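Contents: one structure, followed by commentary.
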C-alpha cells in the first residue's frame, strides 16, 4: 500500500491560481456576481468548488479556477465535519 499526501500550504500559494499569494487579501474569497445578477444577490460563486470563478479582485484574472486549487476543508468522506458551520 502507498500513502499519498498533499501539501495544502504549497498548493494554496501557487501564483498561477492565487495572484499575490503572500498578500493578506481576504476579499479573494468573497462571492463574485455575474453581470446579470441583481444587487444584493449573494448566490454567486465562491471560487472553491468546480466551475466557480476565480479572481482576487475585479481586475485579477477572472475565469474558471482549477477545482482543486484550494481545499481548505479537505475532500471526500473524511472532509471537515464543521465546514457548513464555518461557512455561515
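Residue numbers (the UniProt record's numbering): 1 to 88. Glycine included, each C-beta is placed from N, C-alpha and C at the ideal position. Values in this document were obtained by computation on a predicted structure and should not be read as measured data.
- Closest Cα partner of residue 9 within the set 2, 22, 79 and 81: 22
- Item | Between the CA atoms of residue 86 and residue 67 - distance to the nearest angstrom | 20 Å
- Message: Quick check on the burial criterion: 16 or more other C-beta atoms within 10 angstroms. Buried or exposed for residue 70?
- Response: buried
- Is it buried or exposed for residue 18, if we count other Cβ within 10 angstroms and need 16 for buried? buried
- Run of the alpha helix (DSSP H) containing residue 8, from where it starts to where it stops: 8 to 11
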